[in-house]
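In UniProt numbering, the protein residues as written are 1 to 227.
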């Protein structure tokens, strides 16, 4: 069995009602639900939410909302791992051998092709998890800190002298999809394990959405990808 879990709590401080805010004319969570269903990879697409309006919208776009998320897994201290464990424990059918994908509700740029590739990689027994990543736009070697009076603190002074082509290529979580086996994730405290396979994305195909400016960038990328 393959299960997709989309976590979508009602609270969002920087972008109010972010998980159902209209994105290019549609609630943003709809894109994650539709991509998961269109991929053909999942037996169930489940939205975990504590919010009645989000639940109704999720159902309208074809997702299952089998229960109301608990207060404990909805507060600011709850992790995505906490949400996954709660879903797996509450499902009535046996999910011990299930493959699970956690898809963020604010991932409108996630393609069905990426979902398919991630789930295919999870079938490789050499990996215990799969994660979409994207290359840092600016090398972390160029990171600068600031003192209390606003003076620059060079974090990697020895590396700043290197030419750009000599600096290490590093990646970060693309904020779209995590895949793992149910049996494995219940035995650890993180979604991904020590043998995590990376699926590398182009910057045009992903965008963290934490601020209003991030939202604008994501919409621009979405429209550009459909021209």
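Every residue gets a Cβ at the ideal spot worked out from N, C-alpha and C, and that includes glycine.
Contacts around residue i, its chain only, beta-carbon distance under 6 angstroms, and the 5 residues preceding and following it disregarded
i, result
"residue 150", "none"
"residue 215", "209"
"residue 39", "112, 115, 116"
Nearest-angstrom beta carbon gap, residue j and residue i [assumed within contact, 8 angstroms]
i, j, result
"residue 136", "residue 172", "6 angstroms"
"residue 198", "residue 133", "5 angstroms"
"residue 50", "residue 14", "In fact, because the Cβ distance is near 18 angstroms, the residues do not count as touching under 8 angstroms."
"residue 222", "residue 110", "Actually they do not touch by this definition, with Cβ atoms about 11 angstroms apart."
"residue 45", "residue 28", "Actually they are not in contact, since the Cβ atoms of residue 45 and residue 28 sit about 16 angstroms apart, beyond 8 angstroms."
Span separating the alpha-carbon of residue i from that of residue j
i, j, result
"residue 54", "residue 155", "42 angstroms"
"residue 58", "residue 148", "45 angstroms"
"residue 97", "residue 43", "13 angstroms"
"residue 84", "residue 202", "27 angstroms"
"residue 79", "residue 185", "13 angstroms"
"residue 75", "residue 92", "25 angstroms"
Residue i burial status per 10 Å Cβ neighbour count (16 or more: buried)
i, result
"residue 124", "exposed"
"residue 30", "buried"
"residue 195", "exposed"
"residue 72", "exposed"
"residue 47", "buried"
"residue 18", "buried"
Beta-carbon proximity check, residue i vs residue j, cutoff 8 angstroms
i, j, result
"residue 68", "residue 180", "no"
"residue 35", "residue 106", "no"
"residue 62", "residue 37", "yes"
"residue 167", "residue 139", "yes"
"residue 225", "residue 206", "no"
"residue 77", "residue 191", "no"
"residue 178", "residue 131", "yes"
Proximal residues to residue i (C-beta, below 8 angstroms), its chain only, five neighbours per side dropped
i, result
"residue 182", "3, 88, 95, 96, 97, 98, 99, 100"
Within-8 angstroms CB hit, residue i to chain C
i, result
"residue 133", "Looking for chain C here will not work: only one protein chain is present."
Same chain, Cβ closer than 7 angstroms to residue i, neighbours up to 5 away in sequence not counted
i, result
"residue 41", "2, 115, 116, 119"
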